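**Student:** Below is one structure. I have some questions about it.
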Amino acid sequence: MMRLPTLATLPALPPALLRRLRADRTGGVLVEFAILSPVIFALLFGVMQMGLQMFSYNALRAVATDTARYTFVEYQKSNRVLPEQIEDQARAIAVAPPYGLQFNNLNAVVTSPASTVPGTDLLELELTYVPMNFLDFIGVGAPTITVTRRIYVAS
3 MMRLPTLATL PALPPALLRR LRADRTGGVL VEFAILSPVI FALLFGVMQM
53 GLQMFSYNAL RAVATDTARY TFVEYQKSNR VLPEQIEDQA RAIAVAPPYG
103 LQFNNLNAVV TSPASTVPGT DLLELELTYV PMNFLDFIGV GAPTITVTRR
153 IYVAS
């Protein structure tokens, strides 16, 4: 059976070696970087994630506005567009430049609640988008961004 060494059985280090090791600072920066780098990278990617979320939110608002404009124009031309056509147009606008949102992460739903304005129909466009996530490595998921836009058209 093998016996493990104890402090009493280890040879004593010379005092000169101990002083030299205590004074040596050559690896300190590397150790400090290794300790702080996960925090620094998490902050960097967190800033990138916030920027992407702000871009996605502003893009969704602009897509909703462009889709509402499309719907207004079609109704003014006496073209009654179906909710499915409005949803398809919203997706087409969202994935095209300048927005460039990811098609698989985008959902568009048009509903027709009762209008409170006489002589109009109300269409409600809801766009939902999940942006790309930079923070998966620390267990933080990307939030879902939702924009709702009411569209009043002549009945």
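Converting from the sequence shown to our numbering requires adding 2 to each position, the first position being numbered 1. Even glycine gets a Cβ: it sits at the ideal position worked out from N, Cα and C. Keep in mind the model is a prediction, meaning the values are calculated, not measured.
(1) With DSSP as the reference, label residue 101 as helix, strand or coil.
(2) Does the Cβ of residue 139 have 16 or more other Cβ atoms within 10 Å, making it buried, or fewer, making it exposed?
(3) Can you look up residue 156 in the DSSP assignment and give me helix, strand or coil?
(4) Within a Cβ cutoff of 8 Å, which residues of the same chain sit near residue 81, ignoring the five residues on either side of it in sequence?
(5) Counting beta carbon pairs with one atom in the segment 121-136 and one in the segment 24-43, are three or more of them shorter than 8 Å?
(6) Quick check on the DSSP output: the alpha helix (DSSP H) that includes residue 36 runs from which residue to which?
(7) Between 113, 96, 114, which has its C-alpha nearest residue 106's C-alpha?
(8) Along the chain, where does the beta strand (DSSP E) that runs through residue 18 open and close?
(9) Per DSSP, what are the beta-bridge partners of residue 151 in this structure?
(10) Which whole-angstrom value describes the C-beta separation of residue 153 and residue 131, a residue pair presumed to lie in contact below a C-beta threshold of 8 Å?
**Tutor:** Well, looking at it:
(1) coil
(2) Taking all protein chains in view, the Cβ of residue 139 is surrounded by fewer than 16 other Cβ atoms within 10 Å, so the residue is classified as exposed.
(3) strand
(4) none
(5) no
(6) 30-78
(7) 96
(8) Looking at the DSSP string, residue 18 is not in any beta strand (DSSP E); the run it does join, the alpha helix (DSSP H), is 17-25.
(9) Looking at the DSSP assignment, residue 151 forms a beta bridge with 127.
(10) In fact, because the Cβ distance is near 19 Å, the residues do not count as touching under 8 Å.
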